[in-house]
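Structure first, then comments.
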Ligand code: PMP
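In our numbering, the protein residues as written are 39 to 323.
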């Protein structure tokens with residue numbers, strides 16, 4: 039079965055799915071994206087992902103290419119046509135196609151929409167969660183509006199590649215003051231010796247992860263204390279537990295930071311419990 043992508047109004051086999059060379063996403067990374075988990079054929083937390091999408095678009099003054107209700111149909115249709123039971127659905131909206139020039143294109147230029155879906159083997163993700171993952175740290179050299187989910191991800195790409203080359207699954211960005219901001223494609227968390235669950239406040243220095251937002255509800259239900267503050271790399275290395283959150287991995291235990299074991303070097307009890315309970319608090323559509 040060929041993979042199918044939605045590209046500006048058409049469902050196309052991947053080999054025929056293409057955008058114009060003057061798409062502003064291709065030329066300038068002038069666009070935004072969203073990723074929803076697909077679980078048992080259902081979209082997870084679509085409503086919140088769509089809210090964040092609308093915010094990213096409005097921050098960049100890109101128009102929504104179609105009403106949310108129509109986008110909902112496209113997202114589900116791409117998942118259906120690709121027979122994705124477990125995996126992700128990806129959507130990207132750019133400022134559209136126009137003669138290459140930095141300022142915004144003429145009024146009336148239609149934003150471009152691409153939607154793809156891919157399978158992720160849950161057994162593989164589960165195996166990573168069972169063993170825990172390693173992270174490395176890299177200087178945070180991104181712009182100061184990473185709260186916008188823009189497709190300009192070059193620092194994230196380089197950080198993730200550095201992680202892979204060092205046998206790690208994720209890279210944590212570290213601000214000039216030594217505090218961890220977030221992962222290349224995830225939010226960063228630690229659990230202190232006092233069992234406080236610590237994550238950075240969702241200001242402009244991180245993306246407000248949807249998984250992060252839902253996890254706040256899980257923490258409350260588990261009677262765990264949440265502290266929204268920044269933490270240093272040294273503090274993370276000395277923490278009882280560490281983990282990351284993202285739509286495609288939910289809660290993923292971190293067992294090594296720059297080669298040093300976190301806690302006893304095995305996935306933490308709290309991270310594991312939060313992972314097990316996460317979907318009870320997520321929305322399905
Ligand atoms: N931060 C960054 C930089 C990300 O790319 C992601 C994943 N999209 C996240 C955090 C986690 O966000 P979410 O939980 O919405 O997937």
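Even glycine gets a Cβ: it sits at the ideal position worked out from N, Cα and C.
Quick caveat: nothing in here was measured; it's all calculated off a predicted structure.
Run through DSSP, which three-state label would residue 61 get? Position 23 of the chain shown holds residue 61. Three-state result, residue 61: strand.
Return yes when the C-beta of residue 284 is under 7 Å from any heavy atom of the ligand PMP, and no when it is not. By one-based count along the chain shown, residue 284 stands at place 246. Of the heavy atoms belonging to the ligand PMP, at least one sits nearer than 7 Å to the Cβ of residue 284.
Would you mind stating whether residue 188 and residue 247 have Cβ atoms separated by less than 8 Å? Counting from one through the chain shown, the residue named residue 188 turns up at place 150. Counting from one through the chain shown, the residue named residue 247 turns up at place 209. Their beta carbons are not under 8 Å apart, which means residue 188 does not touch residue 247 by this criterion.
Mapping the DSSP letters down to three states, classify residue 269 as helix, strand or coil. Residue 269 sits at position 231 when you count from the first residue of the chain shown. Three-state result, residue 269: coil.
Just to confirm my understanding: we take residue 228, look at its own chain, exclude 5 residues before and 5 after, and list those with CB closer than 6 Å. What are they? Within the chain shown, residue 228 is the residue found at index 190, counting from 1. Counting only residues of its own chain and dropping the five nearest sequence neighbours on each side, residue 228 has a CB closer than 6 Å to the CB of 236, 269, 274, 277 and 280.
Would you check whether the ligand PMP has a heavy atom nearer than 7 Å to the C-beta of residue 224? Translated into positions along the chain shown, residue 224 becomes position 186. True, at least one ligand heavy atom lies under 7 Å from that Cβ.
Got a sec: does the ligand PMP put a non-hydrogen atom nearer than 7 Å to the Cβ of residue 250? Start at 1 with the first residue of the chain shown, and residue 250 comes out as number 212. Result yes, Cβ under 7 Å from the ligand PMP.
Status (buried if at least 16 other CB within 10 Å, exposed otherwise) for residue 267: Here residue 267 is taken as the residue at index 229 of the chain shown, counted from 1. Classification of residue 267: exposed, given that the 10 Å Cβ count is below 16.
First through last residue of the alpha helix (DSSP H) which encompasses residue 166: Taking the first residue of the chain shown as position 1, residue 166 is located at position 128. Residues 160 to 169.
DSSP state of residue 43, grouped into three classes? The residue given as residue 43 occupies position 5 in the chain shown. If DSSP states are grouped into helix, strand and coil, residue 43 belongs with the strands.
Just the Cα atoms here: how many angstroms apart are residue 205 and residue 174? Position 167 of the chain shown holds residue 205. Position 136 of the chain shown holds residue 174. Each residue's alpha carbon lies about 9 Å from the other.
When the distance is taken between beta carbons, is residue 207 closer than 8 Å to residue 158? Within the chain shown, numbered from 1, the residue matching residue 158 stands at position 120. Within the chain shown, numbered from 1, the residue matching residue 207 stands at position 169. No; because the gap between Cβ atoms is not below 8 Å, this pair is not in contact.
With respect to the beta strand (DSSP E) encompassing residue 90, which residues constitute its N-terminal and C-terminal limits? As a working mapping, residue 90 is identified with position 52 in the chain shown. Element bounds for residue 90: not the beta strand (DSSP E) but the alpha helix (DSSP H), 84 to 98.
Answer with buried or exposed for residue 256, where buried requires no fewer than 16 other C-beta atoms within 10 angstroms of its C-beta. Here residue 256 corresponds to residue number 218 of the chain shown, with the count starting at 1. Label assigned to residue 256: buried.
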